[in-house]
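In our numbering, the protein residues as written are 4 to 237. We put the CB at the ideal spot given by N, CA and C, even for glycine. Only a predicted model underlies this, so the values are computations on that prediction, with no experimental measurement involved.
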Amino acid sequence: MMRFDHAGWKNESVKFRSAAPLCMSNIPAAVTKRAQREERRKLNNMLMCGGRKRFYFSLPSSRELKNIVKLPLLEREDKQKIIHIWKERYQNDKYVVVDHINIGKYEQIKNNCKNNSHFIIPQRNQNGYTNFYSQFIDHKLLFITALEEYNKLRANSTPYVTLHFFDELKSKEIILTKLNIVNNVITKNQAIKFYNYILSFYSDGNYFPYVSKFNNDSRNFHYDVFIDKFKHMF
4 MMRFDHAGWK NESVKFRSAA PLCMSNIPAA VTKRAQREER RKLNNMLMCG GRKRFYFSLP
64 SSRELKNIVK LPLLEREDKQ KIIHIWKERY QNDKYVVVDH INIGKYEQIK NNCKNNSHFI
124 IPQRNQNGYT NFYSQFIDHK LLFITALEEY NKLRANSTPY VTLHFFDELK SKEIILTKLN
184 IVNNVITKNQ AIKFYNYILS FYSDGNYFPY VSKFNNDSRN FHYDVFIDKF KHMF
């Protein structure tokens, strides 16, 4: 069995990139009939000053695959064996979700996130929806945090979830992915939904226009229309 080696890497600190001056007045942190008006008011200036707000965070996992696995040994295996080893290692870890994607999907995500690093992730709850905010730090790392927390704490906020893309095995025609649950209020099932949501909106041509509008024409990003159209995904 392949041995995974977590030793030998220093804890890496990463910060949220300066937020674009998005118009967030139509993106409430939580949606209920009673609270909707107040939430919209409070979030009116949520990211308008985002360019001056940053926070630092020590990653729960290295950004380099060689610091997580015995990479030279893994490279000797074929594609299917690599996938099996990768998934088997974390199958009982309730704070980690691992997967793989093909090169084509990775390149699509890489290209699409370049100028569209921000998005929202609505999650259904008993009262309606709670929104999370996602940001690609670069094409290999994504942070997700609660929109309400980011609004309140700004520089003191921390991600609830991190998502890594490892491209060291491109020669095997696979990209390994690893999602870490940092805040245990997020369940593994929620994390899997986050993961699939990000992949869908950043790689599917039917979904990506909404990401583009959110980043480049956010005043015309209509939250209620978006919720109605994609509520099956939340």
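Spatial distance of residue i from residue j (CA atoms)
i: K216; j: Q126; result: 20 Å
i: N114; j: H142; result: 8 Å
i: N105; j: T165; result: 20 Å
i: S64; j: W89; result: 15 Å
i: N223; j: Y213; result: 10 Å
i: F146; j: E80; result: 31 Å
i: K196; j: K69; result: 28 Å
i: F139; j: L76; result: 30 Å
i: K191; j: N183; result: 10 Å
i: T148; j: C116; result: 17 Å
i: Q129; j: I189; result: 15 Å
i: Y93; j: H87; result: 10 Å
i: G208; j: V101; result: 24 Å
i: H225; j: E78; result: 46 Å
i: Y198; j: N159; result: 24 Å
i: K155; j: F135; result: 13 Å
i: F229; j: L172; result: 36 Å
i: E151; j: I112; result: 26 Å
i: L74; j: D227; result: 46 Å
i: D231; j: F237; result: 10 Å
i: N187; j: I71; result: 22 Å
i: H235; j: A194; result: 16 Å
Where residue i sits in the DSSP three-state scheme
i: V185; result: coil
i: S137; result: strand
i: G131; result: strand
i: P75; result: helix
i: L202; result: helix
i: F224; result: coil
i: H142; result: coil
i: P212; result: helix
i: Q94; result: coil
i: S65; result: coil
i: L156; result: helix
i: F233; result: helix
i: N192; result: helix
Proximity test, Cβ basis, 8 Å: residue i and chain C
i: K232; result: Among the chains of the structure shown, chain C does not appear; only one protein chain is present.
Nearest-angstrom Cβ-Cβ length linking residue i and residue j, presumed shorter than 8 Å
i: I85; j: K181; result: That pair is no contact at about 14 Å.
i: Y109; j: D170; result: 7 Å
i: N218; j: N119; result: 4 Å
i: Y163; j: V185; result: 6 Å
i: S137; j: I178; result: The pair is not a contact, with the Cβ atoms about 18 Å apart (cut-off 8 Å).
i: T133; j: F60; result: That pair is no contact at about 21 Å.
i: H167; j: L144; result: 6 Å
i: Y210; j: S203; result: 5 Å
Per DSSP, the bridge partner or partners of residue i
i: D102; result: T180
i: A149; result: F135
i: F169; result: L179
i: I112; result: Per DSSP, none; premise fails for I112.
i: I2; result: The question about residue 2 has no answer, for the chain in this structure spans 4 to 237.
Residue i Cβ short of 7 Å to the ligand ZN heavy atom set
i: F224; result: Here there are no bound small molecules, and the ligand ZN is not part of this structure.
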